[in-house]
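A.B. asks: Residue 302 is where the sequence shown ends in our numbering, and the numbering goes up by one at each step. We put the CB at the ideal spot given by N, CA and C, even for glycine. Bear in mind that the values here come from a model prediction, so they are computed numbers and not experimental data. The structure under discussion is supplied below as structure tokens; questions concerning it will follow.
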Amino acid sequence: MYDRVLVPLDGSTLSERALAPALALVTKPSGEVMLLRALLAEAMLVRGIEGVDPYVESWAVERRDADRKESAEYLAALQNANRRDDLALHTRVVEGDVSEAILLAAQAADLIVMSTHGYSGLTRWVLGSVTERVLSAAPCPVLVVRQSQPMHKVLIALDGSDLSETAIAPGIEAAVRLGCKASLLRVVDEITGFERAQLGLGDTDIANRLQEGLMKEAQTYLGSLVLPALQESHREVVVGSAAHTILDYAQAHEIDLIVMATHGRTGLSKWVYGSVTEKVLRGAHCNMLVVRPAAHRLR
């Protein structure tokens, strides 16, 4: 599945955290990893602008050439340091808008692996960051790397919909290649007091039986899922608010990788502020593999 893996880098140590999981996940021995460095060169900023001082334009061109040379050398050093006999490791330097360059290169990729904070250098998820723009339009799954330590536990979060199940295959593939234990979590929404009133469930026993019925339905659903590639897995149903429950579960069970589809219940094809996946992305301290159902491809 992960025959071609794209790793965007910006020259920072933070962005290089994506290298280890990318090399671990790529198909061997036929897989390819592309190390990409995208530059927004000064020459592009002044090109075509009337009245620009020739000296400024000349300086911008010289700066662009120097940046390209430095970036090529940087990628070559990483290529040599991580060279393997069982995979092909390529490098590429491009100019242009960083997120657009990554998305263009991703058209030929099965997986993007990138650090959350390599480009911004910030210590929390930031709206408008390169990573978020890539997540919103990536044609393949995106692994958002927040931690540098090896991964041992994978959590695949589901809501019972067909679209959320598109996270299963990439998640299982990741667990198998990383040698991780995998857990499938189905979060059942709790019937609130307001919902009880709306449904006319004044009787607590009736509401409780309805909640139990939803739990049993979710347990049956999880039990029906066939995971042929994975020998060891854990399946659990929990009642609560989806995003908070997933985050609490991940922290309590020391999960290293959360796998989710972006819009399980809604099926929307664009990034929506306030979605469960977006909330988990903001709150999770571990790595996340995000799958956009409309763009998911199995090879």
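Give the straight-line distance between the Cα atoms of Gly243 and Leu78, rounded to the nearest whole angstrom.
C.D. replies: Sequence index remark: in the sequence shown, residue 243 carries index 240 (1-based). Sequence index remark: in the sequence shown, residue 78 carries index 75 (1-based). Between Gly243 and Leu78, the C-alpha separation is close to 46 Å.
A.B. asks: If you follow the alpha helix (DSSP H) that Thr94 is part of, which residue opens it and which one closes it?
C.D. replies: Mapped onto the sequence shown, residue 94 falls at position 91. Segment Ala91 to Glu98 is the beta strand (DSSP E) holding Thr94; no alpha helix (DSSP H) there.
A.B. asks: Counting only beta-carbon atoms, is Ala172 nearer than 8 Å to chain D?
C.D. replies: Absent from the structure: chain D. Only one protein chain is present.
A.B. asks: Taking the alpha carbon of Val190 as the reference point, which residue from Gly174, Asp165, Ala246 and Ile105 has its own alpha carbon closest?
C.D. replies: Mapped onto the sequence shown, residue 190 falls at position 187. Of the candidates Gly174, Asp165, Ala246 and Ile105, the one whose C-alpha sits nearest the C-alpha of Val190 is Ala246.
A.B. asks: Between Ala104 and Pro11, what straight-line distance do the alpha-carbon atoms span, to the nearest angstrom?
C.D. replies: On the sequence shown, residue 104 is found 101 positions in, with the first residue counted as 1. On the sequence shown, residue 11 is found 8 positions in, with the first residue counted as 1. Taking the straight line from one Cα to the other gives about 9 Å.
A.B. asks: Measuring CB atoms only, is the segment 244-263 touching the segment 213-224, in the sense that at least three cross pairs come out at less than 8 Å?
C.D. replies: With the cut-off at 8 Å, the segment 244-263 and the segment 213-224 do not touch.
A.B. asks: When the Cα of Ala27 is compared with those of Leu17, Leu138 and Ser151, which residue comes out closest?
C.D. replies: One-based indexing of the sequence shown puts residue 27 at position 24. Among Leu17, Leu138 and Ser151, the Cα nearest to that of Ala27 belongs to Ser151.
A.B. asks: Based on Cα-Cα distance, which residue from Val96, Thr119, Val29 and Val294 lies nearest to Arg87?
C.D. replies: Here residue 87 refers to the residue found at position 84 of the sequence shown. Per the Cα distances, Val29.
A.B. asks: Taking just the CA atoms, how far does Ser236 sit from Lys282?
C.D. replies: By one-based count along the sequence shown, residue 282 stands at place 279. By one-based count along the sequence shown, residue 236 stands at place 233. Whole-angstrom Cα-Cα distance: 25 Å.
A.B. asks: Which partner residues does Leu260 have in the DSSP bridge list?
C.D. replies: What you label residue 260 is simply residue 257 of the sequence shown in a count that begins at 1. Per DSSP, Val157 and Asn290.
A.B. asks: What's the C-alpha gap between Val148 and Thr16?
C.D. replies: Residue numbering aside, residue 148 sits at position 145 when the sequence shown is read from its first letter. Residue numbering aside, residue 16 sits at position 13 when the sequence shown is read from its first letter. Straight-line Cα distance between these residues: approximately 12 Å.
A.B. asks: With a 10 Å radius around its C-beta and 16 neighbouring C-beta atoms as the bar for buried, classify Gly174 as buried or exposed.
C.D. replies: The residue labelled residue 174 in the question sits at position 171 within the sequence shown. Classification of Gly174: buried, given that the 10 Å Cβ count is 16 or more.
A.B. asks: Name the DSSP bridge partner or partners of Ala41?
C.D. replies: Indexing the sequence shown from 1 puts residue 41 at position 38. DSSP output for Ala41 lists Val97 as bridge partner(s).
A.B. asks: Closer than 8 Å by C-beta to Met291: which residues in its own chain qualify, once you throw out the five before and the five after it? Chain order, please.
C.D. replies: Looking up residue 291 in the sequence shown gives position 288. Here the set comprises Leu146, Val147, Arg149, Leu260, Ile261, Val262, Met263, Val283 and Leu284.
A.B. asks: May I have the straight-line CA-CA distance separating Leu42 from Ala108, to the nearest angstrom?
C.D. replies: Residue numbering aside, residue 42 sits at position 39 when the sequence shown is read from its first letter. Residue numbering aside, residue 108 sits at position 105 when the sequence shown is read from its first letter. Approximately 14 Å between the Cα atoms of the pair.
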